[in-house]
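Data first, discussion second: the structure below is written as structure tokens.
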Amino acid sequence: MDEDDRMMGLTLATIFGLGLALIDRFVIDLPDQVTLAGLVIAYLAGGVPAAWEALAELFGKFRLDIDLLMVIAALAAAQVGAALEGTVLLALFSLSGTLEHRAMGKARRAVEALMALRPETALRLDADGMVSEVAVAELAVGDRLVLRPGARVPVDGRVVDGAGEVDESTITGEAEPVAKVAGALVHEATVNLHGVLVMHVTKTLAESTVARMILLVTQAQAMKAPSERFSEWFGARYTVAVLVGSVAVYAVLLWLGWSQPDALYRAATVLVAASPCAVVISVPAAILSALSASARGGVLFKGGAAIETLATVRAYAFDKTGTLTTGRAEVGAIVAADGQSEAEVLRLLAGIESHSEHHIAAAVLRAAQDRGVTPAPVTEVQAAPSEGITGRDAAGQIWAGNERMLARMGARAEGAAFDALRRESQTLVYLGRGAQVIGAVAVADTPRASAKAGIAALRAAGAQDIVMMTGDRRTVALRIGTGLGLREDEIHAGLLPEDKVRLVDALAAKGAVAFVGDGVNDAAALARADVGIAMGMAGSEVALQAAEVALLSEDLSRLALAHQLARRTSRIIRQNLGFAIGAMLVLVTGGLFFELPLPVAVIGHEGGTLLVVLNGLRLLRDPIRVS
Ligand code: ADP
Ligand code: MG
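Residue numbers for the sequence shown follow numbering that gives the first Met the number 0, so the first one is 0 and each next one is one higher.
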């Protein structure tokens, strides 16, 4: 029996006891022993666990818990002959605690469910062509696995043989199956639908995408939302104040000549009325529900703080390559300088790019493979973010990169063929040795299918500034950007990583900024932005680390939905806090200065707590889902 069931059992027992007492009072006179048994059951089931926890807090961590207030109030009620009211208090208290626990558990489970989806074993294809079943934890990079129809992918890898469709909804939330042929990436915890696929393991269990993200997200749970911290801080201080205040009320009333039971009754009423249960629960109930709803839609927040900040974001800045575009670029034209062959250009370029994680590198390698070109051996490779890459081959230093790199090397790419290449608005990669250019390739970068609609949806959701920032050249940036509905002044090209940071800074002067990116060259901007959003599946590890939000889904329209969810969440938090504090003020005033009856204080207080929890749980019903 898990924690949730145990709590629910205790709550039901408390409510049962309360039921007996209520029947006795309002319906028919039950035998006294039965009524008494009901009250005892309710006090034990509802009060003992709370008392136990409160005492553990008190003596373990020297912290006063609100649970303690509730238990004291219930005991005081019994003492003044209002055991029925005490029972109502315990029953409602127990119920709201159980509901809250469920809500919190749901959020955690949404993420943990991803873990549970991983199969225990995999079918490994050995060198002799035999298939054997091995534990997933034993898989090593390079192993070949057979995925039968209906099988879950055990770790991240690449398809090497076969064709079929994979259901990636477990991680991206997208119902539409994704076609996979040789060369395609497959991710842990997704489901192979019909075909038989052979995959090559590229990441071990511990490094696989989902495991990594879960780790990042769970570690980051410590990043509490500001309002969450407020309600905790408030709860801790206020509990002491309420306890002291109630004792003071009791003492003053006795001093004023009240009878002892009357004074105790009044003090208990004030205690119940003033207890801050609703204030303390209001924020986590909303935040956790929102975390859970967004996780189910493929948007992982590293903690509540990111949700609250996202709600205030007024500007979105997007990286181009790999973020607004697919990250599956294709090599088009290849130009060789005089005296060089296209095959040689591709051979050297593939050699140097085989050390890069950039999308351009992957495109070059695919082109080399398609044309049967074996990459040249290249060593001493160094990446120059947003410029290119340098290295050394048998003949000496070589480099590949954009115009910036070309200029840095003092090289010039002249001639009709290069001019023609530059006129196409595609990403260009020059290859050279010192000041001599060996050749160049054009790489076609295509926008993601969801990018245009995603940007439009963000504008509709109230984003005031949307800009694109890229290290690529302006012609390409303009073609892609205007195609996505951006204005020319919203498109920034030819940027170095530090330029992206500077532009984010400039935007930040006007309000909160979110930066969406995927690459190593985006890490600084992701960290600088108020909310960094990393493309989870295709993005680099560095980007993921620097960001506060990971988009598991490649569908950019999720961003607008996440934005709206964040705003709804902060609205609900404000409602909850306002309501909880307001209700408390009314009840306390009633308890202190008017003859507020204890049952009304109990129902007002616990009913308020319940409402606040339910209001937060509303967010659970809105998973970020497009269709
Ligand atoms: P974005 O900011 O749009 O993601 P990047 O900053 O990653 O683009 O890349 C900007 C430009 O730098 C590319 O268009 C390319 O010309 C050059 N570049 C970056 N990395 C490489 C590489 N590994 N090989 C060749 N060119 C590269
Ligand atoms: Mg990029």
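Built from N, CA and C at the ideal position, the CB exists for glycine as well.
Treat the numbers as computed from the prediction; the structure is a model and nothing was measured.
Name the two residues that bound the continuous alpha helix (DSSP H) containing Asp-418.
415-422
How far does the beta strand (DSSP E) with Tyr-315 in it reach, from first residue to last?
314-318
Using only the heavy atoms of the ligand ADP, determine whether one of them is closer than 7 angstroms to the beta carbon of Asp-318.
yes
Secondary structure, alpha helix (DSSP H): runs of 4+ residues fully inside the region 452-508
473-482 and 496-507
Starting from Glu-329, trace the beta strand (DSSP E) in both directions and tell me its first and last residue.
329-335
Would you list the one or two residues that DSSP bridges to Val-190?
Arg-151 and Asp-166
Please confirm whether any heavy atom of the ligand ADP lies closer than 7 angstroms to the CB of Gly-518.
yes
Any heavy atom of the ligand NAD within a distance shorter than 7 angstroms of the CB on Ala-360?
Looking for the ligand NAD in the displayed structure turns up nothing; the ligands present are the ligand ADP and the ligand MG.
If you draw a straight line from the alpha carbon of Ala-49 to that of Asp-66, how long is it in whole angstroms?
6 angstroms
If you drop the 5 nearest sequence neighbours on each side, which residues of the same chain put their C-beta closer than 8 angstroms to that of Phe-233?
Pro-275, Val-278 and Val-279
Using a Cβ-based criterion (distance less than 7 angstroms to any ligand heavy atom), does Ala-459 qualify as near the ligand ADP?
no
Comparing the CB of Glu-329 with every heavy atom of the ligand ADP, is any distance shorter than 7 angstroms?
no
Does the Cβ of Ala-221 have 16 or more other Cβ atoms within 10 Å, making it buried, or fewer, making it exposed?
With a pLDDT of 49 at Ala-221, under the threshold of 50, the modelled position of that residue is not reliable, and the figure given next carries that caveat. Counting Cβ neighbours within 10 Å, Ala-221 comes out exposed, since fewer than 16 surround it.
Considering only DSSP beta bridges, list what Thr-324 is partnered with.
Pro-446
Assuming Val-519 and Ile-532 are in contact, meaning their beta carbons sit under 8 angstroms apart, how far apart are those beta carbons, in whole angstroms?
The Cβ separation is near 16 angstroms, so there is no contact.
Can the beta-carbon of Ala-342 be found closer than 8 angstroms to that of Glu-352?
no
What is the DSSP secondary structure of Met-534, counted as helix, strand or coil?
strand
Would you mind reading off the limits of the alpha helix (DSSP H) that contains Phe-578?
556-592
I'd like the list of long-range same chain contacts for Glu-379, defined as Cβ closer than 7 angstroms, with 5 residues on each side in sequence excluded.
Gly-390 and Arg-391
Counting only the same chain and skipping the five closest in sequence on each side, list residues whose C-beta sits under 6 angstroms from that of Gly-85.
Ala-73, Ala-76 and Ala-77
What span of residues does the alpha helix (DSSP H) with Lys-202 cover, start to end?
Segment: none, Lys-202 is in no alpha helix (DSSP H) and carries neither H nor E.
Do you know whose CA, among Gly-149, Val-165, Pro-153 and Val-145, lies nearest Val-159's CA?
Val-145
Would Leu-68 and Leu-270 qualify as a contact pair, given that the criterion is a beta-carbon distance under 8 angstroms?
yes
For Thr-308, which of helix, strand or coil comes out of DSSP?
helix
Tell me whether Leu-63 is buried or exposed, calling it buried when 16 or more other Cβ atoms sit within 10 Å of its Cβ.
buried
CB contact flag (Val-140, Thr-201, <8 angstroms)
yes
Alpha carbon of Ala-455 to alpha carbon of Phe-58, nearest angstrom:
56 angstroms
Using 7 angstroms as the cut-off, classify the Cβ of Gly-387 as near or not near the heavy atoms of the ligand MG, replying yes or no.
no
Three-state secondary structure (DSSP) at Trp-398?
strand
Within 7 angstroms: the Cβ of Gly-321 and any heavy atom of the ligand MG?
yes
Is Glu-352 close to the ligand ADP? I mean its beta-carbon at under 7 angstroms from any heavy atom of the ligand.
yes
So who's on the other strand from Tyr-429, going by DSSP bridges?
Gly-400 and Ala-439
With DSSP run on the structure shown, which of helix, strand or coil describes Ile-27?
coil
Inspect the beta-carbon positions of Glu-164 and Val-177 and report whether they are closer than 8 angstroms.
yes
Can you check whether the CB of Gly-161 is closer than 8 angstroms to the CB of Gly-128?
no
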